[in-house]
Amino acid sequence: LTATTAVFKGSVNLDLYSKYDEVGIIYSLSEDMEIEPLITNVVPITNIDKNNRFEKKMRSLLYGTKYYYSSYICMNGIYKFGEIQSFTTDDVEMQVSAPTVTSTTATFKGKVEIAEDDMESLSFGIAWSTGSDFEMKVNEETAELEEDGTFTLTVSDLKMDTEYHYATCIRQ
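With the working numbering, letter number 163 in the sequence shown gets 182, and the count goes up by one each step, no holes.
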């Protein structure tokens, strides 16, 4: 389990498996497990190894989010579910030190605690604006992370004698 991935592992009784139209895992943001396209994912189990085991990796999950999941069987369009369980994806931590500022630039140094599997699903950066409520024009710059999760990001073309406000941002 990481911030954006979960791996489900299990075994299947092949005698029972062959009697159903579909066997799989369902996961959702909703505990009631209603099959709704915006919040529910139905994942059929199709690759079973010679030991009757399977492994399914779910990607693009939301970080720091609670999901509910269950096994299911389907026959003639009727779904039956196993016990509903839950997991929570890891949260993402981004730390940034106060910027080093010149008349037209601000350089930020920071670190992101993240699993390697999550690197391609998330981007990290700094948002800045002249308005403290970020309702005015907001600019954003994305950081390139080093292997250890550290980054240095320089924001250029700032106007002299202007107060800026900044915040970290994580995009998924």
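From the three backbone atoms N, C-alpha and C, an ideal C-beta is built for every residue, glycine too.
Rounded C-alpha distance that separates residue i from residue j
i: residue 97; j: residue 66; result: 22 angstroms
i: residue 137; j: residue 39; result: 35 angstroms
i: residue 68; j: residue 78; result: 21 angstroms
i: residue 35; j: residue 101; result: 14 angstroms
i: residue 22; j: residue 182; result: 35 angstroms
i: residue 120; j: residue 129; result: 15 angstroms
i: residue 184; j: residue 177; result: 12 angstroms
Neighbour-count burial assignment, residue i, 16 or more Cβ in a 10 Å radius
i: residue 33; result: exposed
i: residue 30; result: exposed
i: residue 116; result: exposed
i: residue 63; result: exposed
i: residue 81; result: exposed
i: residue 43; result: buried
i: residue 169; result: exposed
Contact set for residue i: own chain, Cβ-Cβ below 6 angstroms, skip 5 residues either direction
i: residue 112; result: 132
Close beta carbons around residue i, own chain, < 7 angstroms, minus the five adjacent residues each side
i: residue 160; result: 144, 145, 172 and 174
i: residue 93; result: 39, 40 and 41
Beta-carbon proximity check, residue i vs residue j, cutoff 9 angstroms
i: residue 88; j: residue 106; result: yes
i: residue 26; j: residue 85; result: no
i: residue 142; j: residue 24; result: no
i: residue 83; j: residue 124; result: no
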